[in-house]
Amino acid sequence: MAAEHGDVARFRWGPRHEYLLNHPDLIEQVLVTQQRSFMKGQALQETKRILGEGLLTSEGALHLRQRRLMQPLFHRRRIGEYGSEMVECSTGLQARWRDGDIRDMHEEMTRLTLAVVGRVLFAADLEGEASEVGSALTDAMESLQRFMLPFYGALERLPLPGPRRVRASRRRLDLTIYRLLAERRANPGGADLLSLLLEARDEQGEPMPDEQVRDEAMTIFLAGHETTAVTLTWTWMLLARHPEVEKRLHNELDAVVGTRLPTVDDLPKLTYADTVLQEALRLYPPAWLIGRRALVDVELGGYLVPAGSIVILSPWVTHRDARFFHEPLRFDPDRWTGQAEAGRPRFSYFPFGGGIRRCIGESFALMEAKLLLASIAQHWRLRLDPAQRVDVLPRITLRPRYGMRMRVEARR
Ligand code: HEM
298 MAAEHGDVAR
308 FRWGPRHEYL
318 LNHPDLIEQV
328 LVTQQRSFMK
338 GQALQETKRI
348 LGEGLLTSEG
358 ALHLRQRRLM
368 QPLFHRRRIG
378 EYGSEMVECS
388 TGLQARWRDG
398 DIRDMHEEMT
408 RLTLAVVGRV
418 LFAADLEGEA
428 SEVGSALTDA
438 MESLQRFMLP
448 FYGALERLPL
458 PGPRRVRASR
468 RRLDLTIYRL
478 LAERRANPGG
488 ADLLSLLLEA
498 RDEQGEPMPD
508 EQVRDEAMTI
518 FLAGHETTAV
528 TLTWTWMLLA
538 RHPEVEKRLH
548 NELDAVVGTR
558 LPTVDDLPKL
568 TYADTVLQEA
578 LRLYPPAWLI
588 GRRALVDVEL
598 GGYLVPAGSI
608 VILSPWVTHR
618 DARFFHEPLR
628 FDPDRWTGQA
638 EAGRPRFSYF
648 PFGGGIRRCI
658 GESFALMEAK
668 LLLASIAQHW
678 RLRLDPAQRV
688 DVLPRITLRP
698 RYGMRMRVEA
708 RR
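To get my numbering, take the position in the sequence shown, counting from 1, and add 297.
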């Protein structure tokens, strides 16, 4: 659509008109300069059935209050404390690997990031608990995918297994999370995010109600693991296909980290690893679509977009636009050296969105992805199974359609 119709493309999706915006200036207009004229798109609103009124789905005054309250929890210095737990989870995963094993890296990375968010959110001793929450959530999100259709309203009123499954998963989730909340109340002072959410106070000194803590915990759990898992999965695929890039990464890791465990203090020195991840997020942005609903009539690129319309911004499309990225399909981490980067418009690259709704977990995600990448690549070289087909499955996140079976080869 972008190639044929340019920077503003209108199309029908069921009963609605939607607009795909393909220019960084228009994207900036929606996400930043005119953000107050928009709210989140309908598809995301559907996830409220599971996520309630958490940061990802709430709007207006509630969103602003929660964002202010939670921002300090995601500050770079604060989350740095979770670095060693991330590396421990990675070491635990690798202990199961044997030289020459064929493993599905999408599954492995999902298991790993689930373990990390479980540790960080619910504390180490609750890893079993976390995966229980994880499976209920994944299940619920799977059934929610069905509602990302124009007819979801009607579908929901029918006694189909989908909505019943969503309700059952929600009940399972609620039971677990409220039990964890009660345990945290009884033993305050923990460093896990759930304890910090319980302790957070707004400007009037008020804590969040339990239901809000539940919604925020679920939101972090969901938003915080699948995105990072797919980022790493695509990164392994790209490294396997570009041995020259992989070699440079290995050289950097050998020079900075060697064979000891990587720590957060190493991160500023791992500059090539940064560019590898940035470039992987360009070609395979996990959040490949960002939707908004116009609250009022808005002028966009010379067109009048009426109130109620859905506008769609796609990191996938914009990140692959030859106007902003020379030979856009080429995997080239050197695009991210200062000079090359300086000439590009701000919103030609927006894997974490922008404006007031910009990803609150960006620093967390980048720190996690880098530590997990470093701790694995220092010991292993990953090779694509020759029979592996590679394609995308664009769901809420950009998943690998056929998984990502790879052979793990010990580097030393
Ligand atoms: C590579 C990993 C990640 C990517 C690509 C990513 C991407 C995004 C994007 C694009 C948005 C904005 C959506 C919109 O404007 O409609 C967002 C929002 C959000 N993300 Fe992330 N995310 C990642 C990791 C994380 C992590 C690790 C966490 C939590 C630990 C997290 C928590 C959130 C939350 C709570 C929001 C909603 C923020 C708000 O509306 O105020 N994300 N993310």
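Using N, Cα and C, we set each Cβ at its ideal position, and we do this for glycine too.
Inter-residue distance for V608 and E315 is about 6 angstroms (C-alpha atoms, whole angstroms). When distances are taken from the beta-carbon of F661 to the heavy atoms of the ligand HEM, the shortest one is below 7 angstroms. Distance from the CA atom of T568 to the CA atom of Q575, rounded to whole angstroms, is 11 angstroms.
Looking only at L361, K667 and V414, the smallest Cα-Cα distance to T560 is reached by K667. The nearest non-hydrogen atom of the ligand HEM is less than 7 angstroms from the C-beta of P582. The Cβ atoms of M402 and L580 lie no closer than 8 angstroms to each other.
The beta strand (DSSP E) runs lying completely inside the stretch 350-425 and spanning 3 residues or more are 399-401, given in chain order. When C-beta atoms of the stretch 508-515 are compared with those of the stretch 464-476, three or more pairs fall below 8 angstroms, so the two segments count as touching. For K667, the shortest C-beta to heavy atom distance toward the ligand HEM is 7 angstroms or greater.
Taking the Cα positions, M505 is about 12 angstroms away from S492. Distance between F649 and A619, taken at the CA atoms: about 21 angstroms. For I657 and R365, the gap between their C-alpha atoms comes out near 11 angstroms. Apart from the 5 residues on each side of it in sequence, R481 sits with its Cβ closer than 7 angstroms to the Cβ of G487, L491, S492 and L495 in its chain, given in chain order. With a cutoff of 7 angstroms, A570 does not count as near the ligand HEM, since its C-beta is closer than that to no heavy atom of the ligand.
Closer than 7 angstroms to some heavy atom of the ligand HEM: that describes the Cβ of A520.
In the structure shown, the three-state DSSP call for M505 is coil. DSSP, reduced to helix, strand and coil, places W585 outside both helices and strands of the structure shown, so it counts as coil.
H616 and W531 have their C-alpha atoms roughly 15 angstroms apart. A check of alpha carbon separations from I673 across A637, P369, A662 and L546 identifies L546 as the nearest.
8 angstroms or more divides the Cβ of L592 from the Cβ of S611. Note on G555: under 16 other CB atoms within 10 angstroms of its CB, so exposed under the neighbour-count rule. The DSSP assignment places 587-591, 595-597, 600-602 and 607-610 as complete runs of the beta strand (DSSP E) inside the stretch 577-622, in order along the chain (cut-off: 3 residues).
Annotated three-state conformation of P625 is coil, per DSSP. Excluding its 5 nearest sequence neighbours in each direction, R589 has C-beta neighbours in its own chain below 6 angstroms: V327, F335, G338 and V608, listed in chain order.
Annotation: the continuous alpha helix (DSSP H) that includes E543 extends over P540 to V553. Ranking V595, V614, G599 and W613 by CA distance to the CA of G605 puts V595 first.
Distance from Q675 to R702 at the Cβ level is roughly 22 angstroms; contact not present, criterion being Cβ atoms closer than 8 angstroms.
Counting along the chain, P565 sits inside no beta strand (DSSP E), nor does DSSP assign it H or E at all.
Contact check for E325 and R655: beta-carbon distance about 12 angstroms, past the 8 angstroms limit, so the pair fails to qualify. R393 and E405 have their alpha carbons spaced roughly 10 angstroms apart. A residue is called buried once 16 or more other Cβ atoms fall within 10 Å of its Cβ, and D688, having fewer, is exposed. Taking the Cβ atoms as the reference, A707 lies roughly 4 angstroms from D396, within the contact range of under 8 angstroms. Taking each of L695, D682 and R709 in turn and checking the Cα distance to I399, the smallest one comes out for D682. The three-state reading of DSSP puts P321 in helix, counting H, G and I together.
In this structure, the C-beta of R374 stays at least 7 angstroms away from each heavy atom of the ligand HEM.
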